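Chains C and Z, in that order, give the protein sequences. Using numbering that gives the first Met the number 0, you'd call the opening residue of the first sequence number 0 and step up by one each time. Using numbering that gives the first Met the number 0, you'd call the opening residue of the second sequence number 0 and step up by one each time. Here is the structure we will look at.
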Amino acid sequence: MVMSYESKANRRQFLKILGFSTLSGLGSIPAIWALTPQFAIRNLQSEKRWAMVVDMKKFRTEEDYKKCIDACHTIHNVPDFGNPKDEVKWIWKMPYRNTFPEQEDEYISDGVKQMPFMVLCNHCKNPPCVRVCPTKATFKRIDGIVQMDYHRCIGCRFCMAACPYGSRSFNFREPRPFIKEKNPEYPTRTRGVVEKCNFCEERLSKGLSPACVEACKDNKALIFGDLNDPDSEVRKVLESNYTIRRKPELGTQPGVYYIV
Amino acid sequence: MFEKALSGDRRYWGWIFFLLLIMGTGFIFYIKQLNYGLGITGMSRDISWGLYIAQFTFLVGVAASAVMLVIPYYLHDYKKFGKIIIFGEFLAISAVIMCLMFVFVDMGQPMRAMNMILYPTPNSIMFWDMVVLNGYLLLNLIIGWTTLSAERNELPPPKWVKPLIYISIPWAISIHTVTAFLYAGLPGRHLWLTAIMAPRFLASAFASGPALLIILCLTVKRISSFDPGKEAIQTLGKIVTYAVIINLFFFVLELFTAFYSKIPGHMHPFQYLFFGIEGHGKLIPWMWTAFILSIMAIILLINPNMRENENILIVSAVLVFISTWIDKGMGLVIGGFIPNPFEEIIEYSPTVPEVLITLGVWATGLLIITVLYKIAVSIKEKTV
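This is the structure we're talking about:
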């Protein structure tokens, strides 16, 4: 009798466990969904939006500009042709009146008038270059980076006509002989394709900050981070400073902000 | 039918070999461009389109203008155009082929041209331009060849071409509208960002295309026994007159908006083109030439008594053609890039290889016109 009772109890217990585990199994479906790659991609879309704040107050000497520019151009194998016609550049200096032409004012302080601004690709939220590209060789990533596929670009240069910031360069000649020191970590380009700043996506994927940002980390002249993270440094800097963006009236929503 | 193009007098073959020579020269320089890169041209990161895309834009208009014969003939039963309609269609074929060639020689990576089809991107206007231009080429090839074959066999054209002809009418408008959209949808390029870009394109197209057709028809009349008919030529003259005036009117509209609003970005390209900025003004003589020629053409064309004189008509047609070629080619494309997005004035002039490649493409187009017109004229000489 005892034996049979025990076995009955065991059976009842077993059924109970089975029932619970089935329920919990059903209950875990959302969790399984959450872990499937599709869901992960959808989640990522709202996860990050990379942006940069250029603090012009921190750029004082020629060296402050040079180290950022050199860091970028060396690491990305940007060729130096030595003439403006063939020029390729990812980040460079521009006078105030050229960077913000619509802000022209003859009475603006000399300090600002003389100050060269750092300009680079704005990684727009609504990038006109992406809109016009006939092959999707330039595309916007889910984290907001506007990237180039050098292998797909047909060199039609529609993106260069579309970019209202003059951020894009074209390889009018074979660039490789004009690279001073090749960095094997990043691809060189061929003639006939467009290129531009990529917010150092190759470094971000390794958890590093962009090369220019790292080059001027002593005085924090460039601040980089995620706009969607309210605790990120860029968000804090944007909250505590008045910043401007280039040609905001075009609705491109640039991801590069300036503290004048 | 093609055998008609293979028999001709010494003048004909001399002309063919002359064109082949220019094509060959252009081809040699294109090989050089392939090896060196587009740096062989005068283009730069600031003026990233130049002579090639200027020719492309202008020639899309020439191609679209065939519709100015198709509408009167097929929709209004204007019989006088019956004899020359094939010349309009064959001109369109040649012009579209030149357009495609100019886009091709402008590519940095021409070997990857098929990427446009492998990765079709409907949000790019260039994708649609490829679709409409190739479609228009196909339509005109089928329509032109079928109607001419029928004429040779002294039969009416088959019924199935009629729907294609009707489709070709809005299609012609579409090629020029889509080409205008390449420019008119770009933020930050003030000269191009205008809603009347497509109407302006069509007005200049209906001036330049029929003007070229007048030149071609009168040439055909001179060198063959085929007469396109005085009235047909005169009607073309009327079309050119209206179109060149509407084109000038649209230009004045642009000037008003720019200079009355006084928005600097809107004024700058016009100031650069006609007066120069900061001492830069390579296009000033060209733009004034275009402007003065179009005024001269209007003066000559607007008086019917003068227009009826075929010598005056052909001179006016040449003036219109040159004027629109400058204005809608280099004026439009280069003017759009100056000032650049940094409001700097960086100028452009084409290089010798660039000009030779351009001439090579034009020679190819002329060769196609010559061969197609030769076929058409040989058939018409027999049937008329």
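Quick reminder that beta carbons are idealized off the backbone N, C-alpha and C, glycines included. Treat the numbers as computed from the prediction; the structure is a model and nothing was measured.
- In the displayed model, V118/C falls within a strand according to three-state DSSP.
- Under the 10 Å beta carbon count, R221/Z is surrounded by fewer than 16 other beta carbons and is classified as exposed.
- Membership of K161/Z in any beta strand (DSSP E) is not indicated; the residue belongs instead to the alpha helix (DSSP H) covering 160-183.
- The contact set of F126/Z on chain C, defined by CB atoms closer than 7 Å, consists of P133 in chain order.
- Fully contained in the segment 265-309 of chain Z are the following alpha helix (DSSP H) runs of length 4 or more, in chain order: 283-301, 303-307.
- M147/C is bridged by DSSP to T137/C.
- In summary, the residues of the segment 326-343 of chain Z whose CB is separated from some CB of chain C by less than 9 Å are G335, F336, P338, N339, P340, F341, E342, E343, in the order they occur in the chain.
- Within chain Z, the C-beta atoms nearer than 8 Å to that of E86/C come from S43, R44, in chain order.
- In this structure, the straight-line span from the alpha carbon of D69/C to that of W89/C is close to 10 Å.
- G224/C: member of the beta strand (DSSP E) spanning 221-225, first to last residue.
- Taking CB atoms only, M106/Z has a neighbour in chain C less than 8 Å away.
- Using a Cβ distance threshold of 8 Å, I214/Z and L235/Z do not count as a contacting pair.
- Taking the C-beta atoms as reference points, V243/Z is found no nearer than 8 Å to A204/Z.
- Residue pairing by DSSP puts Y256/C in a beta bridge opposite V52/C.
- For the segment 151-174 of chain C, residues whose beta-carbon sits nearer than 8 Å to a beta-carbon of chain Z comprise R151, C152, I153, G154, C155, R156, F157, M159, A160, A161, C162, P163, Y164, G165, R167, S168, F169, N170, F171, R172, E173.
- For S123/Z, the nearest beta carbon of chain C is closer than 8 Å to its own beta carbon.
- The beta carbons of F99/C and R245/C sit closer together than 8 Å.
- The C-beta of I325/Z has 16 or more other C-beta atoms within 10 Å across all chains shown, which makes the residue buried.
- Around G36/Z, the beta-carbon contacts reaching into chain C at under 8 Å are N170, F171, R172, E173, R190, G191.
- Under the three-state reduction of DSSP, I92/Z is assigned to helix.
- A check of alpha carbon separations from F273/Z across G264/Z, V160/Z, P284/Z, H265/Z identifies P284/Z as the nearest.
- Secondary structure of M93/C (DSSP, three-state): strand.
- Residues W170, S173, I174, V177 of the same chain have their beta carbon placed closer than 8 Å to that of V131/Z, with the five preceding and five following residues left out of the count.
- Under the 8 Å Cβ criterion, the segment 34-53 of chain Z counts as touching the segment 152-170 of chain C, having at least three qualifying pairs.
- By alpha-carbon distance to V59/Z, the top candidate from V104/Z, I96/Z, I168/Z, S167/Z is I96/Z.
- When secondary structure is reduced to three states using DSSP, S168/C falls in the strand class.
- Under the 8 Å Cβ criterion, the segment 131-141 of chain C does not count as touching the segment 1-13 of chain Z, having fewer than three qualifying pairs.
- DSSP lists no bridge partner for V360/Z.
- Close to L249/C, with beta-carbon spacing below 7 Å, are these residues of chain Z in chain order: P186, G187.
- Non-local C-beta neighbours of I52/Z in its own chain, meaning closer than 8 Å and more than five positions away in sequence, comprise F101, V102, D105, V332, ordered along the chain.
- If one requires a minimum length of 4 residues, the alpha helix (DSSP H) runs lying completely within the segment 52-115 of chain Z are 66-69, 84-104, in chain order.
- Interface annotation, P83/C: in contact with chain Z, CB-CB separation under 8 Å.
- Shown here, V87/C sits in coil according to DSSP, grouped into three states, outside any helix or strand.
- Rounded to the nearest whole angstrom, the C-alpha separation of F269/Z and M67/Z is 30 Å.
- Spatial neighbours of P227/Z in its own chain (CB-CB distance under 7 Å, excluding positions within 5 residues in sequence) are listed in chain order as K82, I83, C216, V219, K220.
- For the set Y241/C, V118/C, C211/C, the Cα lying nearest the Cα of E200/C is the one of C211/C.
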